[in-house]
Amino acid sequence: MTGAQIALLAMIVLPAAAGAVLVLTRTRRFAIPIALMTAGLTTVLALGNALARPAVSYPFVAGADFALEIDALAALTVPMVAAVTFLVLVFAAGNIRQSHARFHGLMLIFSAAALATASAASLPALLFAWELMGATSYALIGFWWRDSDQVSAGLTAFITTRTADLGLYVAAGAALAGGAGMALADLPAAQGPWGHVAAAGILVAALGKAGQLPFSFWLSGAMKGPSPVSALLHSAAMVAMGGYLLLRVEPLLASTGWAGPVTAWIGVITAVLMGAVALGQRDLKQLLAASTVAQLGFVVLAAGVGAVSGGAAHLVAHASVKALLFLAAGAWLTALGTEEFVKLRGVARRWPVTGVAATVASLALAGVAPLSLWATKDAVLTATLESSPWLYAVGLVAGALSAAYSGKILWTIWRRSARESVDSNATGTVSTPEQVPLFVLAVGAALLGALALPPLSGILTAAMGGHGEVSVTELIISAGVAAVVVLLMRRLRTPEPGWALGWLGLEATAHAIVVRPSLALAHALAWFDDQVVDRSLNALAGVVPVFARSAARVDDEGIDRGVEVIAGAMPVIARGMARVDDEGIDRGVEVIAGWVRRLGHLARVPQTGAVHQYLLQAVVVLAVGVVIWSIYLVIG
122 MTGAQIALLA MIVLPAAAGA VLVLTRTRRF AIPIALMTAG LTTVLALGNA
172 LARPAVSYPF VAGADFALEI DALAALTVPM VAAVTFLVLV FAAGNIRQSH
222 ARFHGLMLIF SAAALATASA ASLPALLFAW ELMGATSYAL IGFWWRDSDQ
272 VSAGLTAFIT TRTADLGLYV AAGAALAGGA GMALADLPAA QGPWGHVAAA
322 GILVAALGKA GQLPFSFWLS GAMKGPSPVS ALLHSAAMVA MGGYLLLRVE
372 PLLASTGWAG PVTAWIGVIT AVLMGAVALG QRDLKQLLAA STVAQLGFVV
422 LAAGVGAVSG GAAHLVAHAS VKALLFLAAG AWLTALGTEE FVKLRGVARR
472 WPVTGVAATV ASLALAGVAP LSLWATKDAV LTATLESSPW LYAVGLVAGA
522 LSAAYSGKIL WTIWRRSARE SVDSNATGTV STPEQVPLFV LAVGAALLGA
572 LALPPLSGIL TAAMGGHGEV SVTELIISAG VAAVVVLLMR RLRTPEPGWA
622 LGWLGLEATA HAIVVRPSLA LAHALAWFDD QVVDRSLNAL AGVVPVFARS
672 AARVDDEGID RGVEVIAGAM PVIARGMARV DDEGIDRGVE VIAGWVRRLG
722 HLARVPQTGA VHQYLLQAVV VLAVGVVIWS IYLVIG
């Protein structure tokens, strides 16, 4: 094994092992230093792997290896995951007040799962990382386990994404049946309908993790978890990995003929509808959650139209923007105890460092030039226009909505109202460990758009595949629309309709279509078990004692009595047999013996010892014999 391969394994094993130690030992005193050192070293390893591009594979089952590889897409993604994790943990060092060991340990395991997902080159490796990521997200969303709402939110997220995850198992089965093998790069070669089945399974699993329609609602409840969890979850871990997976399997989507267009339309429709949901929110974290779904819609759109390089650039730039905004929201929540817009007015004036960083991120999220998402979003839209003008038109609407909800954030945090403003006497503070990561992320939010512009865009396109350079016309139009919409949002009061606050009623719909029928079926099966199966067994159990009593009666009155009668008759029979033996057999033997004795006496009479008497006896016997023979001859 080469040094590069060891570094690839260490990038995943190191945070996973350190996280497990922290969770299991609860080392309070050294939890934060251990977590930060581990995350920092993991970031260095990720950067080294991005340059070395190693690959490693181990036999798993016949026809399937456990394979990890840093290709061009992973080389761009894994440093982002590791760096964002490190910055979020730095923030958490000043924001999370208790349970440091458990929190930092779970976050390290979460990041290890995301890194394994990004570097997975086969379905077995992907399934392992995917499942670990989902389980850890449940533990982190419900981290404050004494709060039943947080635990319930974590369970909702886990069950929703777990249901969608079944698609990966379907895809694995289809890959084996199609004879293509389990390597992600080999999936387009699946024979017959199996390639279509694999594409459908992976699409469903990725949409669930990325919170795309119809799975978006779980992200609303997930906002009840700690803010650092939300920052990592939305920017560089589970939600982002859903979009990443679709970019990774873009050749499979394209090979089916239908999966690419379906993916693109789901992504762009999600971007529009969830953008509208974000605009109608009253809560900052709820707005950010909906905007994550909308922005990941652009990544999904990119996978559908084959713009892998543009989608990857948007994914990385969005990670910096969204991590910053969630951390800023968490800092204000800790300082003020609220995340409602009406109580956050002027919050940027009170904490200007946090406010300026959040402003950079908000303008980038809006698509204002020259910040990051301006260029990356337009790289996706340029490729979309080549694929379908209708997709492009809907994408423009989604871009305008991005500017609208970003403008809502921007003007709220800077606007001061005489009646509704931040309490000037509030005692909360934003600590230095909370502010430093915001500055670093703000730099990323400002500069990462270069990935979608020449010359870097050409390098990424050559390495990953995709379309040509972003259109200058598109860049100009997009920048103008974003600036105008952001300025309009200063004057406009956005409506807050119930359908937006309720996230399109998706959770209620899921309850009506899936949860209630499932519970009804469960109740029906429980009734059948109680009323039919149990009653049948109880009735059978009632018959058994009756049968047992009847058998006992037969045993007592039949078999036992017969045995007693026979036992009583045996002495009589024995006495009779003894009498027969004494008076019959023994007496007969004695009579025979007497006759034998008499015959013996008679036989001894001629035994005189005189020879002449023996001669006479012989003559007499012979004479008698001759007489008898003569009579026989005469008669015969």
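Under this note's numbering, think of the first position of the sequence shown as 122, with each following residue one higher.
By construction, the Cβ of each residue, glycine as well, lies at the ideal position given by its N, Cα and C atoms.
Tell me which residue opens and which closes the beta strand (DSSP E) that residue i is part of.
i	result
E190	A185 to E190
A176	A176 to V182
For residue i, which of the options has the nearest alpha-carbon?
i	options	result
R369	F462, A478 and A242	A242
M395	P491, W624, A478 and T384	W624
V764	S599, P473, M228 and W648	Because the chain in this structure spans residues 122 to 757, residue 764 falls outside the shown range and cannot be described.
V182	H644, G689 and A246	A246
E190	L145, H225, I133 and R149	I133
I597	D650, G275 and K498	K498
G275	T257, A285, L162 and D286	T257
H439	A469, W472 and A487	A487
W532	A567, T284, T550 and T615	T615
L135	V144, Q126 and A160	A160
F224	A185, L157 and F187	L157
A423	W386, S220 and L400	W386
A500	S527, L574, S523 and F187	L574
A235	A524, V318 and H355	H355
W233	A139, L436, N170 and R612	Correcting the residue identity first, residue 233 is Ala in this sequence and not Trp. For the residues A139, L436, N170 and R612, the minimum Cα distance to A233 belongs to A139.
G451	E555, A361 and A482	E555
A456	R537, T550 and S220	T550
L166	A131, E704 and Q333	A131
Determine the burial state of residue i: buried for a count of at least 16 other Cβ atoms within 10 Å of its Cβ, exposed for fewer.
i	result
A629	exposed
E371	buried
G432	buried
W315	buried
N216	buried
T503	buried
V398	buried
W620	exposed
G626	exposed
E595	buried
M359	buried
Y526	buried
May I have the straight-line CA-CA distance separating residue i from residue j, to the nearest angstrom?
i	j	result
A141	A295	34 Å
F668	T282	54 Å
G476	V211	19 Å
M585	V429	6 Å
G342	R656	42 Å
G255	A152	23 Å
S508	R149	54 Å
Q312	F231	36 Å
L208	A519	29 Å
E541	A478	Because E541 sits at a pLDDT of 47, beneath the cut-off of 50, its placement in the model cannot be relied upon, and the point is left open.
E711	P692	27 Å
I713	I749	29 Å
A357	M228	12 Å
V414	A641	31 Å
F336	A222	32 Å
F279	G364	18 Å
T206	T163	9 Å
T391	G418	6 Å
V543	A125	In this prediction, V543 scores a pLDDT of 49, lower than 50, which makes its location untrustworthy; the coordinate-derived value is nonetheless stated afterwards. About 52 Å.
N546	A571	The pLDDT assigned to N546 is 49, lower than 50, so where the model puts this residue is not dependable, and the model offers no usable value.
L622	D404	9 Å
I'd like the span of the alpha helix (DSSP H) that includes residue i, first residue to last.
i	result
A304	Neither: A304 is in no alpha helix (DSSP H) and is coded neither H nor E.
K443	V429 to L457
V414	L405 to V426
Q556	T553 to L568
S657	R656 to V675
Q652	From DSSP, Q652 is part of no alpha helix (DSSP H); its letter is neither H nor E.
G255	L244 to I262
W620	G619 to L622
F231	H221 to S240
V325	W315 to A331
Hey, is residue i's beta-carbon within less than 7 Å of any beta-carbon in chain D?
i	result
I191	Absent here is chain D; the protein component of the structure consists of one chain.
Given 8 Å, three or more beta-carbon pairs between the stretch 345-356 and the stretch 432-448: yes
Spell out a yes or no on whether the stretch 161-177 and the stretch 397-409 are touching, meaning 3 or more CB-CB pairs, one atom from each, closer than 8 Å. no
Decide yes or no for the touch test of the stretch 233-253 against the stretch 187-207: beta carbon pairs closer than 8 Å, at least 3 of them. yes
Would you call the stretch 456-464 in contact with the stretch 498-515, where contact means no fewer than 3 C-beta pairs closer than 8 Å? no
Would you call the stretch 289-306 in contact with the stretch 261-274, where contact means no fewer than 3 C-beta pairs closer than 8 Å? no
Are the stretch 379-389 and the stretch 298-306 touching, with three or more C-beta to C-beta distances below 8 Å? no
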